[in-house]
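Residue numbers (our numbering): 2 to 269.
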């Protein structure tokens, strides 16, 4: 059964699109899944640049304005089917029809990854409503955490639950909000802790998602662990380290996430 995964944030600069594109590529290239990546950031689309699709012929804007079918807007890069956005499209789209338009192709995939707008608006809502599962991306600072709380509340108001929090760009924990504090404030589990990684800048310059540019980088390893949970696979970890120091909170949360993902799929 296809799982539509929305990657959301109510603040720009947290690495949401980097995570969405990297997750899509990792699911395909390391777990053999068929994945569609959709740019639902209609005002400022960037998925195409992350996936080396600089001049798309048809885009999600054409689809949502009634000028093209979903199939004609699909471009393939790094094994992923991608529906990018238009950098020059101004207006006339019906963003709330995203879920209906996706229905025509959704069953062709194991996963649909949706990159949303970094704003509390109709664009973000359209991505949330089109998703079966939601993950909020935040950085470990108080301003971004307050925005993440707003995203969680919007989802709740619309009857959508959030499966987990992805903490990105961890630099100096001494001056950052802790995992415990984030979980206490948002009342949601943290499922990935991604350190700030210089390799991400290099991969973006190459227009290549970090998870395929360098799978063994700190960023790539953490994305791969999340992919393992989403695909019901065993996460690679050091059992000696786990034995000596115990499991990290995010590792336990990913196991709970995996069980919930596949329990709900089986029951449906």
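Glycine included, each C-beta is placed from N, C-alpha and C at the ideal position.
Residue i (DSSP reduced to helix, strand or coil)
{"i": "residue 27", "result": "helix"}
{"i": "residue 216", "result": "coil"}
{"i": "residue 189", "result": "coil"}
{"i": "residue 208", "result": "coil"}
{"i": "residue 237", "result": "coil"}
{"i": "residue 135", "result": "strand"}
{"i": "residue 63", "result": "helix"}
{"i": "residue 82", "result": "strand"}
{"i": "residue 257", "result": "helix"}
{"i": "residue 15", "result": "coil"}
{"i": "residue 166", "result": "strand"}
Residue i vs residue j beta-carbon contact at 9 Å
{"i": "residue 39", "j": "residue 83", "result": "yes"}
{"i": "residue 210", "j": "residue 41", "result": "no"}
{"i": "residue 27", "j": "residue 228", "result": "yes"}
{"i": "residue 101", "j": "residue 3", "result": "no"}
{"i": "residue 155", "j": "residue 121", "result": "yes"}
{"i": "residue 114", "j": "residue 187", "result": "no"}
{"i": "residue 165", "j": "residue 193", "result": "yes"}
{"i": "residue 236", "j": "residue 216", "result": "no"}
Those residues which DSSP pairs with residue i across a bridge
{"i": "residue 172", "result": "According to DSSP, residue 172 bridges with nothing at all."}
{"i": "residue 196", "result": "171"}
{"i": "residue 112", "result": "4, 36"}
{"i": "residue 9", "result": "137"}
Minimum C-alpha distance to residue i - residue among the options
{"i": "residue 107", "options": "56, 176, 29, 71", "result": "71"}
{"i": "residue 253", "options": "226, 232, 205", "result": "226"}
{"i": "residue 62", "options": "80, 81, 51, 89", "result": "89"}
{"i": "residue 80", "options": "33, 45, 123, 58", "result": "33"}
{"i": "residue 85", "options": "92, 175, 56", "result": "56"}
Contact between the stretch 62-71 and the stretch 142-157 (3+ Cβ pairs under 8 Å): Verdict: no, contact absent.
Cβ contact (3+ pairs, closer than 8 Å) linking the stretch 127-139 and the stretch 3-21: Under the three-pair Cβ rule at 8 Å, the stretch 127-139 counts as touching the stretch 3-21.
At least three beta-carbon pairs within less than 8 Å, the stretch 190-207 to the stretch 152-170: With a cut-off of 8 Å, the stretch 152-170 and the stretch 190-207 count as touching, because enough Cβ pairs lie within range.
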